[in-house]
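Asker: In the numbering used here, the protein residues as written are 104 to 176.
Backbone N, C-alpha and C fix where the C-beta goes; we use that ideal spot for every residue, glycine too.
If you're wondering where the values come from, they're calculated on a predicted model, not measured in any experiment.
Take a look at the following structure, please.
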């Protein structure tokens, strides 16, 4: 499956379906040591971008690694 649901709100009403095959570049912005949340910016081949924080960032990076057949970082 190449679709990942991200940017979920607490109410579950707002989210984005990200097609992993359309990802052109990922920039990981490190780890927030106080809140223990990773941050990442996902750039798509169509010129769009999505800012991800916490579980969303982790889930997308893991899914991209799986899709590429790479071991987890």
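1. From what residue to what residue does the alpha helix (DSSP H) around residue 171 run?
2. Tell me which same chain residues have a C-beta within less than 6 angstroms of the C-beta of residue 105, skipping the five on either side of it?
3. Whose CA, out of 151, 118 and 156, lies closest to the CA of residue 126?
4. Identify the continuous beta strand (DSSP E) that holds residue 122 and give its terminal residues.
5. Only counting the same chain, and skipping five residues up and downstream in sequence, which positions put a Cβ closer than 8 angstroms to that of residue 164?
6. Measure the alpha-carbon distance for residue 149 versus residue 119 and round it to whole angstroms.
Answerer: Working from what's here:
1. 158–171
2. Excluding positions up to five away in sequence, the list reads 122, 123 and 124.
3. 151
4. 119–122
5. 129, 131, 141, 143 and 176
6. Distance from the CA atom of residue 149 to the CA atom of residue 119, rounded to whole angstroms, is 15 angstroms.
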